[in-house]
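Residue numbers (full-length UniProt numbering), protein chains in the order written: chain A, 1 to 387; chain B, 1 to 567.
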Amino acid sequence: MIKRINTLILLISWAVTAHAQTINFHAWGGSPQVNRYLQWVNTQTEAEFGITVNHVKLADTSDAVSRVLAEKAAGNHDRGSVDLIWINGENFAAMKRHGLLHQNWVSSLTNFALTNPDKNRNMTMDFGIPTDGQEAPWGKAAMVFYYNARYLDVPPKNAAELLSFSQQHPGRFAYPLPTDYLGISFLKYLALTLPDIPHERLYAPVDAHSLRRVTMPLFEYLDALHPTLWHEGKFFARQASRLQRLFDDNALFVSFSFTAAEIPAAVSRFDLPTSTRTYAMADGSLSNVHFIGIPYNSGHKDAARKVVNFLLSPRAQARKKQRQVWGDDTVLDVSLLSDAQSRLFAGEQAHPAALPVNGHNQLLAEPHASWTDALREAWFTRYGDHL
Amino acid sequence: MFSTALLVSRWLFIALLIVPVGAGIVAVLLPALSYFPAIGEHHFSLAAFSRLMQVDSIVHMAMLSLFTGLMATFIATVGTLSILAISYHTAMLGWVQRLLSPVLVIPHAAAAIALGFILSPAGWPARLVSPELSGWIAPPVVSLLHDELGLSVTIALAIKALPFMLLMALSVLAQPHLADRLQKQVCVARTMGYTPATAFLSVVWPVLYPLIRLPVLAVLAFATANVEIPLILGPGSPPTLAVAVLQWFNNVDIFMRLQASAAACLHIGVTGLAIIIWLLIEKGAAALFHRRRCTGARNFASWWLSVIAYFTLGTLILLMLCMLISLVTWSFATYWPFPDTFPLGITLIHWQTSLTALSQPALNALLIALPVSVIAVGLSLLVLEQEQISHRATVSPGLKKEAVLFLPLLVPGVAFLFGLTWFSQFIGAGVWLPVLVSHFVYVLPYVFLSLAVAYRRFDIRYTYVGYGLGASPYDVFWKVKLPQLFAPIMVALALGIAISFSQYLPTLLPGAGTIATVTTESVAVSAGGSRRLSAVYTLVQMIMPLIGFALAWWLPLRFFNPAAWSD
Numbered sequence: 001m002i003k004r005i006n007t008l009i010l011l012i013s014w015a016v017t018a019h020a021q022t023i024n025f026h027a028w029g030g031s032p033q034v035n036r037y038l039q040w041v042n043t044q045t046e047a048e049f050g051i052t053v054n055h056v057k058l059a060d061t062s063d064a065v066s067r068v069l070a071e072k073a074a075g076n077h078d079r080g081s082v083d084l085i086w087i088n089g090e091n092f093a094a095m096k097r098h099g100l101l102h103q104n105w106v107s108s109l110t111n112f113a114l115t116n117p118d119k120n121r122n123m124t125m126d127f128g129i130p131t132d133g134q135e136a137p138w139g140k141a142a143m144v145f146y147y148n149a150r151y152l153d154v155p156p157k158n159a160a161e162l163l164s165f166s167q168q169h170p171g172r173f174a175y176p177l178p179t180d181y182l183g184i185s186f187l188k189y190l191a192l193t194l195p196d197i198p199h200e201r202l203y204a205p206v207d208a209h210s211l212r213r214v215t216m217p218l219f220e221y222l223d224a225l226h227p228t229l230w231h232e233g234k235f236f237a238r239q240a241s242r243l244q245r246l247f248d249d250n251a252l253f254v255s256f257s258f259t260a261a262e263i264p265a266a267v268s269r270f271d272l273p274t275s276t277r278t279y280a281m282a283d284g285s286l287s288n289v290h291f292i293g294i295p296y297n298s299g300h301k302d303a304a305r306k307v308v309n310f311l312l313s314p315r316a317q318a319r320k321k322q323r324q325v326w327g328d329d330t331v332l333d334v335s336l337l338s339d340a341q342s343r344l345f346a347g348e349q350a351h352p353a354a355l356p357v358n359g360h361n362q363l364l365a366e367p368h369a370s371w372t373d374a375l376r377e378a379w380f381t382r383y384g385d386h387l
Numbered sequence: 001m002f003s004t005a006l007l008v009s010r011w012l013f014i015a016l017l018i019v020p021v022g023a024g025i026v027a028v029l030l031p032a033l034s035y036f037p038a039i040g041e042h043h044f045s046l047a048a049f050s051r052l053m054q055v056d057s058i059v060h061m062a063m064l065s066l067f068t069g070l071m072a073t074f075i076a077t078v079g080t081l082s083i084l085a086i087s088y089h090t091a092m093l094g095w096v097q098r099l100l101s102p103v104l105v106i107p108h109a110a111a112a113i114a115l116g117f118i119l120s121p122a123g124w125p126a127r128l129v130s131p132e133l134s135g136w137i138a139p140p141v142v143s144l145l146h147d148e149l150g151l152s153v154t155i156a157l158a159i160k161a162l163p164f165m166l167l168m169a170l171s172v173l174a175q176p177h178l179a180d181r182l183q184k185q186v187c188v189a190r191t192m193g194y195t196p197a198t199a200f201l202s203v204v205w206p207v208l209y210p211l212i213r214l215p216v217l218a219v220l221a222f223a224t225a226n227v228e229i230p231l232i233l234g235p236g237s238p239p240t241l242a243v244a245v246l247q248w249f250n251n252v253d254i255f256m257r258l259q260a261s262a263a264a265c266l267h268i269g270v271t272g273l274a275i276i277i278w279l280l281i282e283k284g285a286a287a288l289f290h291r292r293r294c295t296g297a298r299n300f301a302s303w304w305l306s307v308i309a310y311f312t313l314g315t316l317i318l319l320m321l322c323m324l325i326s327l328v329t330w331s332f333a334t335y336w337p338f339p340d341t342f343p344l345g346i347t348l349i350h351w352q353t354s355l356t357a358l359s360q361p362a363l364n365a366l367l368i369a370l371p372v373s374v375i376a377v378g379l380s381l382l383v384l385e386q387e388q389i390s391h392r393a394t395v396s397p398g399l400k401k402e403a404v405l406f407l408p409l410l411v412p413g414v415a416f417l418f419g420l421t422w423f424s425q426f427i428g429a430g431v432w433l434p435v436l437v438s439h440f441v442y443v444l445p446y447v448f449l450s451l452a453v454a455y456r457r458f459d460i461r462y463t464y465v466g467y468g469l470g471a472s473p474y475d476v477f478w479k480v481k482l483p484q485l486f487a488p489i490m491v492a493l494a495l496g497i498a499i500s501f502s503q504y505l506p507t508l509l510p511g512a513g514t515i516a517t518v519t520t521e522s523v524a525v526s527a528g529g530s531r532r533l534s535a536v537y538t539l540v541q542m543i544m545p546l547i548g549f550a551l552a553w554w555l556p557l558r559f560f561n562p563a564a565w566s567d
């Protein structure tokens, strides 16, 4: 009898814990590679820890941020719908400001030490804001441009050349709305590279004076660029992924991305033409680290932590770095790894559409997070409501 | 017992339509009036509305919603009228019906994506004329998509509205007592020398139109407030009001929700205004038409009606063909540089990728659609039975119920769904229940209307025979009526499933984005980087409801069919 009761209790506790083991990972869902990678993560965590990772595909990460915010507002403090969230920059700044993130959990991850956080400051700094153990680094990215060699022999190599290219070939370049990650990144790239802008001001919190100093030359440039854009700058793509499709349509001759590996992968999947060539701008490439946070009201924090630790493992990071998988650069310091582990990161064969090795001329760090909102608002004030 | 169940079902039916919509409206009205305790707003004020009025393009947005909705409804109504006029009582009618029925179950999002494929500067029609005729070696810079007037939105809305109106009209015309009377009247008109089209316009339409007015108004309300079509095809600065509401709601700044709620309330006004304008147009057209009708011209409008009918049908068929061919081609395409008419090769890779990724969303869609449709069919049957037993409105349901039925179709979804989402978050109802309720609210009207047609046609004498043999009302319902109505019940079920499959906003909002269905995934992928994947998703979206209808057609052949028993 007692044995039976014990079995029953075991069964019940198993059922309860099994029930608690589904993690809702809210992450941008616009890239098939990322989606497939997360499916792989799910198979691994299910096998290793019995944790199911449900990828909630977001069109826009701010959707999840506002969801957690709404939950907090509605008094839902311990059974939130978001367990993990893929963020950086202003979304992190917003979540940190509103106290939406679980705190002081990152340093307890065994694999976090492998990122060598004491040496690599950008593992604990997100767009100039200290992460304070509220989010763990996941990957690194830098902006690249690509062009269609069928229509162009020489691509524009800096902001000024980009403008003259667009004037020569009206309608063949586009950038997404600044509400999109890549859209605001394009504005930052311009702000960091256009002459007549005091670039050092972008690394300090924004104020009215520096905003004016930055936006005056910026808008002068954009005023000239917009009439030459796709749809004459009257309609902007809402999402970055739209650019890739327009490029594939041959409607755009030059485009850009924040994930260099996505381009050869898309060519292999037939989603970009074979004549696609990737390059980096001569005047510099915007670069940053992206992170994973756990909302303060997640009901599955322990399981979520386990998943993040797995995501930081050499095995998961090496797979993510493979171009056929995702091609996202690792945050681990490979010199800290064992020989067997670092062999996982060995090089791959070259692809004609891929960015050449050492293709980046200069990496530009992200401006202070306060600039994101300021630049975006200034853009909308100047160019009207685009929704 | 059975009669109690019937009575309860009647109240349940009305409550299930009114309560979610009502709760949603109240819940969106409170934040619109700046009452949102959760973010520290405790005082009623009109601040959100005044902020909304300060948005430069707000009038423009409202006008865009009005224009696209009214134009699409107008095109669909004129198209319905002219097609019926030339095909009423001809063999062509059945052919038109068969042609347009599948279009009815294509989800709005799929229609919009497919239209985007062919209107795109790199679309198949542009490739056909390039480079020989047009001289284009790269896609033209001018684009028909995202035009500031919303013309592509209007076309997509009209494509979806026309089959709905036409089939509603046909179901009305199929009512035996009406069909008889009208046929006789048309015969009289024909013997007096009126051409078939003029006879239809003068005799049938004035009787028919009042009977389909509610569906027409539902189409209008839906067209003004639809989100996914203008989101995919529409302009961005400014977008239609419904798209703006969605974007503001999703804004990271939670205080924008007050403005979004105010805009959602404004949308109820805009939709109301559209209905008023439509009723005025209706009055004007009726007066104008009445004078012309009395001139006695035997072929009045006959030529115009056939021109419009053939133009509409021709355009529709051409568009559908183009959409289908281009979707199928893209879904198998390898590289496909611009002016080439066909891709350089074909591959199965896009289908393989998508089918794996779509299995969970397809399962979710089924998990929502099946219970919702089964309950909707069951409830509708009980309500129809109750009406027939109580001899109330044996022929057509009373006006009150009809109006209740159209409530969710007349109130803009962007308004009450946001309220409903907020409300369900507030009471902690999770995500599945609110999604099921929202779907139910949209599925029930269609299922009920579709079943009501069959109930109207049911030969009541069978039930008399049943009662005469001593069967209880329950037995008559269960053993006499249901087996004979098996085919229409299956069709209603398939329709319910199809409607549920196609819901975008009712899945996205109450589901908090966590429940992915084929439709939500398809809209997400349509904004993504791969035209080929989007083609596959859209095709799957179109095929899924058709499977339901194929089953609905096949199952009655197997069951309750004497021919099948004799095997």
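Even glycine gets a Cβ: it sits at the ideal position worked out from N, Cα and C.
Pull the bridge partners of residue i from the DSSP assignment, please.
{"i": "Y147(A)", "result": "V254(A), R277(A)"}
{"i": "I212(B)", "result": "Answer is none; I212(B) lacks a bridge partner."}
{"i": "K57(A)", "result": "A27(A)"}
{"i": "M125(A)", "result": "P130(A)"}
{"i": "N293(A)", "result": "Looking at the sequence provided, one finds Gly at residue 293(A) rather than Asn. The partner list for G293(A) (beta bridge, DSSP) reads I85(A), E135(A)."}
Less than 8 Å between C-beta atoms, sequence neighbours within five positions excluded: which residues of the same chain meet that for residue i?
{"i": "V395(B)", "result": "Any reading at V395(B) must be qualified, since the residue scores a pLDDT of 44, below 50, and its modelled position is unreliable; the value itself is stated next. Same-chain partners within the cutoff: Q175, H177, R456."}
{"i": "H290(A)", "result": "W86, I87, N88, P137, W138, G139, K140, A141"}
{"i": "R213(A)", "result": "I197, P198, R201"}
{"i": "F255(B)", "result": "I39"}
Any idea what DSSP makes of residue i, helix, strand or coil?
{"i": "V129(B)", "result": "coil"}
{"i": "A366(A)", "result": "One detail in the question is off: residue 366(A) reads as Glu in this sequence, not Ala. If DSSP states are grouped into helix, strand and coil, E366(A) belongs with coil."}
{"i": "residue 626(B)", "result": "What is shown of chain B runs 1 to 567, which leaves residue 626(B) out entirely."}
{"i": "P130(A)", "result": "strand"}
{"i": "T372(A)", "result": "helix"}
{"i": "N91(A)", "result": "helix"}
{"i": "N42(A)", "result": "helix"}
{"i": "I346(B)", "result": "strand"}
{"i": "F173(A)", "result": "coil"}
{"i": "L387(A)", "result": "coil"}
{"i": "G284(A)", "result": "coil"}
Compare the beta carbon distance of residue i and residue j with 7 Å and say whether it is the shorter of the two.
{"i": "Y68(A)", "j": "V82(A)", "result": "Note that residue 68(A) is Val in the sequence shown here, rather than Tyr. Closer than 7 Å, so yes."}
{"i": "T198(B)", "j": "S359(B)", "result": "no"}
{"i": "P107(B)", "j": "Q541(B)", "result": "yes"}
{"i": "L407(B)", "j": "L12(B)", "result": "no"}
Excluding five sequence neighbours on each side, which residues of the same chain lie with their C-beta closer than 7 Å to the C-beta of residue i?
{"i": "A393(B)", "result": "Note that A393(B) scores 46 on pLDDT, short of 50, meaning its location in the model is unreliable and no value can be drawn from it."}
{"i": "P117(A)", "result": "M123, T124"}
{"i": "I499(B)", "result": "Y442, V443, Y446"}
{"i": "L336(A)", "result": "L114, N116"}
Take residue i and list the residues in its own chain whose beta-carbon comes closer than 6 Å to its own, dropping the five residues that flank it on each side.
{"i": "I75(B)", "result": "A158"}
{"i": "Y194(B)", "result": "R298"}
{"i": "S380(B)", "result": "V447, F448, L451"}
{"i": "residue 392(A)", "result": "In the structure as shown, chain A starts at 1 and stops at 387, and residue 392(A) therefore has no counterpart that could be examined."}
{"i": "H351(A)", "result": "P264"}
{"i": "P434(B)", "result": "S424, P510"}
Exercise for review: Return the residues of the segment 502 to 529 of chain B that lie within a Cβ-Cβ distance of less than 8 Å from chain A, sorted by chain order.
Suggested key: A512, G513, T514, A516, E521, A524, A527, G528, G529
Review point. Taking Cβ-Cβ distances below 7 Å as the criterion, which residues of the segment 220 to 250 of chain B are in contact with chain A?
Key: P235, G236, S237, P238, P239, V243, A244, Q247, N250
Check your understanding: For the segment 531 to 547 of chain B, which residues have a beta carbon sitting closer than 9 Å to at least one beta carbon of chain A?
Key -> R531, R532, L533, S534
Practice item. Note down, in chain order, all residues in the segment 247 to 259 of chain A with a beta-carbon under 7 Å from any beta-carbon belonging to chain B. Key: D248, D249, N250, A251
Point to revise | Chain-ordered residues of the segment 31 to 62 of chain B with a beta carbon less than 7 Å from chain A | key: A38, I39, V55, D56, S57
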